[in-house]
Ligand code: G
Ligand code: G
Ligand code: NA
Ligand code: MN
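Residue numbers (full-length UniProt numbering): 302 to 555.
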C-alpha cells in the first residue's frame, strides 16, 4: 500500500521517466530500433525496479494511464530523434495485458499517433507470450486492428510460455523476442542454448524476425548470428539510455 501511494505521487510529480535501449542488426551492426523502458526514481534518489512497480500499477489499474504516458513519451522521442537527423528507427513499447484489454486501448493508441505525428510503421508494441495466447478470439481481433493501423507487434519474453506452432501461426505478429534467460544459457556448456535455437527455427518457419534480448558478450552475439537470429539487444551494445545519452551513443557508433 505504501509503495502504491508512492507510485501515485511519483506519477503526479513526474518522478517517472523513460529510457531507451538500442537494438541492432546482428549481421551488419546497424542500429535498427530502441525499446522504451520505464524508470522510477524516488525522492531519495533510489530506483524502484519496474518488475516491482508494474505489477502494482497493473493491480491498481494505474497501468492504463502510465502505459499511455510511456507510449506518448516514446512516440514523441522518436519524432525528436528524427528531427536530430538520426535515421528512422523502430520504437518498441511494452504494453501490459491490462492496458491491452482496456476498452479504450485502440482509441488511445490512435490518439497518440495523431497527437505525436509518428509514422505508425515505426512503432512496435511488445506483448508477452502468455498475454498473446490467452483469450484467442479477443487477442486476434485486437492484434489485427493494431496492425491495420500500420503498427507492428513483437512477442516479448518468448520461450517462457507454452505456445504451440499452430497457435502462433494464427497470430498477426512480426517479431519474436527471445527471453534473456535463454540468451544467458548460450554461455553455459550444459544447456547450450537449445531454446534459443528452437525459437530462431520457429521464427524462420513462420517468417518472423527474431530478436534476442540480454546479449552481454560477443560470444553470445556470434552464437545467435550463427543460429540465424536477426537482431539483438543487451549490455554488449548499450544499457537503456536517456534520450541525450542515446543520441550521443549513436553518433559515436557511426
Ligand atoms: O528495464 P527492466 O529490465 O528493468 O524492465 C523490467 C520489466 O519491466 C521488463 O519485463 C519490461 O518489459 C517491463 N517494463 C519496462 N517498461 C515498461 C513499460 O513501460 N510498460 C510495461 N507494461 N512494462 C514495462
Ligand atoms: O521487456 P523486458 O522485460 O524484456 O525488458 C528487458 C529488461 O532487461 C530491461 O529491464 C533491461 O534493463 C534489462 N536488460 C537489458 N539488457 C540487458 C542485459 O544485457 N543483461 C541483463 N541482465 N539485463 C538486461
Ligand atoms: Na520488453
Ligand atoms: Mn523481454
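Where is the CB? At the ideal position from N, CA and C, for every residue including glycine.
Starting from the C-beta of residue 521, find all residues in its chain whose C-beta is less than 7 Å away, skip the five residues before and the five after it, and write them out in chain order. 484, 487 and 488
Does the distance between the C-beta of residue 350 and the nearest non-hydrogen atom of ligand 1 fall short of 7 Å? yes
Integer-rounded CB distance, given that residue 533 should sit under 8 Å from residue 338: Actually they are not in contact, since the Cβ atoms of residue 338 and residue 533 sit about 16 Å apart, beyond 8 Å.
What did DSSP end up calling residue 322 once you bin it into helix, strand or coil? strand
Run through the DSSP bridge pairs and tell me what residue 336 is partnered with. 322 and 393
Nearest candidate by alpha-carbon position, reference residue 552, set 538, 387, 531 and 374: 387
Per-residue burial, residue 401 [other beta carbons within 10 Å of its own, 16 or more giving buried]: buried
Cβ pair residue 454, residue 447 closer than 8 Å: yes
Report yes if the C-beta of residue 536 is less than 7 Å from at least one heavy atom of ligand 2; otherwise report no. yes
C-alpha distance - residue 465 paired with residue 442, whole-angstrom precision: 19 Å
Would DSSP call residue 427 helix, strand or coil? strand
Would you say residue 457 touches ligand 1, meaning its beta carbon is less than 7 Å from a heavy atom? yes
For a cutoff of 8 Å on Cβ pairs, would you count residue 475 as touching chain D? In the displayed structure, chain D is absent; only one protein chain is listed.
Any heavy atom of ligand 2 inside 7 Å of the beta-carbon of residue 340? no
Can you give the beta carbon distance from residue 321 to residue 359, rounded, assuming they're within the 8 Å contact cut? 23 Å between Cβ atoms; not a contact.
Mind listing, in chain order, the continuous alpha helix (DSSP H) runs of no fewer than 4 residues lying wholly within the segment 338-425? 351-361, 364-384, 398-402 and 406-417
Is residue 504 buried or exposed, if buried means 16 or more other CB atoms sit within 10 Å of its CB? buried
Exposed or buried, which one is residue 535 when buried takes at least 16 other CB atoms within 10 Å? buried
Simplified DSSP state of residue 548, which is helix, strand or coil: helix
Ignore the nearest five residues each way along the sequence and tell me which others in residue 425's own chain have a CB closer than 6 Å to its CB. 391, 393, 453 and 455
Could you pull the DSSP bridge partners for residue 317 from this structure? 341
Can you tell me whether residue 355 sits near ligand 1, meaning its C-beta is under 7 Å from at least one heavy atom of the ligand? yes
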